[in-house]
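Enquirer:
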Amino acid sequence: MKLPEYVTVKEVKKICKALGIRDWTTLKKPEVKEEEARIILEELNPKGMKIPLEDFRIGLEVELEHGTRYKEANVTNNHPLLTGKIVIAHLKESLDYYQRLDVAEVEGDLLKAFASGNLKKAAQKYKKLAQARLKLAQTEASLL
Numbered sequence: 003m004k005l006p007e008y009v010t011v012k013e014v015k016k017i018c019k020a021l022g023i024r025d026w027t028t029l030k031k032p033e034v035k036e037e038e039a040r041i042i043l044e045e046l047n048p049k050g051m052k053i054p055l056e057d058f059r060i061g062l063e064v065e066l067e068h069g070t071r072y073k074e075a076n077v078t079n080n081h082p083l084l085t086g087k088i089v090i091a092h093l094k095e096s097l098d099y100y101q102r103l104d105v106a107e108v109e110g111d112l113l114k115a116f117a118s119g120n121l122k123k124a125a126q127k128y129k130k131l132a133q134a135r136l137k138l139a140q141t142e143a144s145l146l
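Counting from 3, one number per residue, gives the positions in the sequence shown under my numbering.
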């Protein structure tokens, strides 16, 4: 079954222009500038949530996977405000959501590296995992 385009490219272009940010329909990589993240966060203005700008920016980059990054999973067409709302929903679950996600993803990469017998890659992933776990621990400590 072919699903309709719920969020049009035209709408995303219009919103990007209104926000004064780049046209996100043309993004080749899921990279969000700090200023863009600030504009989007201010526009959404979640009440009572103290969201570090860098965490929000990282969340936007992660959640662009619901846009044009994967054609079969595209539900937002990279709409910046919808993408921002996805980020806020996850941060409402837990302010360390993206640090936890990073640990889980690196653990998966480490497993794949071991399964393929690529010990050099496994060593790199293990180092990255240690860094991700450290960042998560620091975030957890800051939330106490």
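All C-beta atoms, glycine included, are put in the ideal place defined by N, C-alpha and C.
Please confirm if the segment 90-108 is in contact with the segment 53-73, defined as three or more CB-CB distances below 8 Å between the two stretches.
Expert: Contact between the segment 90-108 and the segment 53-73 is present, because at least three Cβ pairs lie under 8 Å.
Enquirer: Could you give the residue range of the alpha helix (DSSP H) that holds proline 32?
Expert: Taken as a continuous stretch (DSSP letters only), proline 32 belongs to no alpha helix (DSSP H), as it is neither H nor E.
Enquirer: If contact is defined by three or more beta carbon pairs under 8 Å, each pair taking one atom from either stretch, is the segment 80-87 in contact with the segment 38-55?
Expert: Taking 8 Å as the limit for Cβ pairs, the verdict is that the segment 80-87 does touch the segment 38-55.
Enquirer: Going by C-alpha distance, which of Leu145, Gly110 and Glu37 is nearest proline 82?
Expert: Out of Leu145, Gly110 and Glu37, Glu37 has the C-alpha closest to the C-alpha of proline 82.
Enquirer: Going straight from the alpha carbon of leucine 145 to that of glycine 119, what length do you get?
Expert: Answer to the nearest angstrom: the Cα atoms are 38 Å apart.
Enquirer: Whole angstroms is fine: what's the gap from leucine 112's alpha carbon to tyrosine 99's?
Expert: Rounded to the nearest angstrom, the two C-alpha atoms are 20 Å apart.
Enquirer: When we look at the beta-carbon of lysine 19 and count the other beta-carbons within 10 Å, is it buried (16 or more) or exposed?
Expert: It counts as exposed.
Enquirer: When the Cα atoms are used, what is the spatial distance from tyrosine 128 to alanine 139?
Expert: Computed Cα separation, rounded: 16 Å.
Enquirer: Could you pull out every residue in the same chain whose Cβ sits closer than 8 Å to the Cβ of valine 9, ignoring the five residues on either side in sequence?
Expert: For valine 9, where only same-chain residues beyond five positions count, the Cβ hits under 8 Å are Val77, Thr78, Asn79, His81 and Leu84.
Enquirer: Let me know the alpha helix (DSSP H) ranges lying completely inside the segment 12-94, each 4 residues or longer, listed in chain order.
Expert: Segments of the alpha helix (DSSP H) lying fully in the segment 12-94: 36-46 and 55-65.
Enquirer: Could you check the C-alpha separation between leucine 136 and lysine 4 for me, to the nearest Å?
Expert: Each residue's alpha carbon lies about 44 Å from the other.
Enquirer: Checking 8 Å against the spacing of the C-beta atoms, do leucine 21 and isoleucine 42 come in under that value?
Expert: Yes. Within cutoff.
Enquirer: How would you write the range of the alpha helix (DSSP H) that lysine 122 sits in, first residue to last?
Expert: First-last of the alpha helix (DSSP H) with lysine 122: 121-145.
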